[in-house]
Amino acid sequence: EKKVALELLTHTVEVATLFNGLTSHEMHILAEHAEVCYPEPGEVLAQLGTVIDWLGIVCAGHLQCLSEEGEKLFMIPAGGLVGEMCLLIQQKLSWEVCMSDKEVVMVVLPHQVIARMNTEHPDVAIQLMQ
Numbered sequence: 272e273k274k275v276a277l278e279l280l281t282h283t284v285e286v287a288t289l290f291n292g293l294t295s296h297e298m299h300i301l302a303e304h305a306e307v308c309y310p311e312p313g314e315v316l317a318q319l320g321t322v323i324d325w326l327g328i329v330c331a332g333h334l335q336c337l338s339e340e341g342e343k344l345f346m347i348p349a350g351g352l353v354g355e356m357c358l359l360i361q362q363k364l365s366w367e368v369c370m371s372d373k374e375v376v377m378v379v380l381p382h383q384v385i386a387r388m389n390t391e392h393p394d395v396a397i398q399l400m401q
C-alpha cells in the first residue's frame with residue numbers, strides 16, 4: 272500500500288504539483304503514513320458538522336459535497352483536498368462529502384504528519400493550502 276501511495280502522490284499530475292519542493296526522502300515519509308482509500312459509490316467520507324483529523328487528496332475521480340438537505344453544492348476534482356480547513360483552524364465541515372464517481376481513489380494523510388511537514392517545510396504547506 273505504501274508503494275501505491277507513493278506512486279499516486281508522485282505520478283498523478285494533479286497531485287504531484289501539491290508536493291513540489293519535497294525531496295524524494297520526504298515523499299517516502301509521507302507515503303509511509305498514508306492510506307490509499309477506494310470509497311464505495313455514495314459512501315459518506317466526512318459528515319456535516321464534524322472536524323476531521325485527516326487530509327484527503329483526491330487522486331482520481333471526484334467527490335460530491337452535499338448540503339444538510341442533500342442538495343449538491345460542489346465537487347472536489349482530482350488534485351483537490353478534503354480537510355484542509357479542519358487542519359488549519361479546526362473548522363467544522365459545513366457540508367457532507369460523499370463519493371460520487373465509480374472510481375475514486377484518495378490518499379489520506381493523518382493531520383499529525385501534515386503538521387510536522389508544515390513545521391519542517393512551510394513553503395510546501397503554503398502550496399497545499401492555496
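For the sequence shown, the working numbering gives the first residue as 272, with consecutive numbering after it.
Built from N, CA and C at the ideal position, the CB exists for glycine as well.
Pairwise C-alpha distance: residue j and residue i
i: G320; j: L334; result: 18 angstroms
i: V322; j: E278; result: 28 angstroms
i: I347; j: W366; result: 12 angstroms
i: E303; j: G327; result: 15 angstroms
i: L380; j: Q362; result: 18 angstroms
i: G350; j: E340; result: 27 angstroms
i: F345; j: L352; result: 13 angstroms
i: R387; j: T283; result: 23 angstroms
i: A276; j: G354; result: 18 angstroms
Identity of the residues DSSP links to residue i by a beta bridge
i: Q335; result: M346, C369
i: L352; result: I328
i: P381; result: W325
i: V275; result: Paired residue(s): none; V275 is not in a bridge.
Test item: CB-CB of residue i and residue j under 8 angstroms
i: E314; j: M370; result: yes
i: P312; j: K373; result: yes
i: L364; j: A287; result: no
i: L293; j: H392; result: yes
Simplified DSSP assignment, three categories, for residue i
i: E306; result: strand
i: L293; result: coil
Cβ-based neighbour list, residue i, same chain, cut-off 6 angstroms, excluding 5 preceding and 5 following
i: V375; result: P310, G332
Contact set for residue i: own chain, Cβ-Cβ below 7 angstroms, skip 5 residues either direction
i: E285; result: A349, G350
Chain-order list of residues whose beta-carbon lies under 8 angstroms from that of residue i (same chain, five-residue window excluded)
i: T281; result: A287, F290, M298
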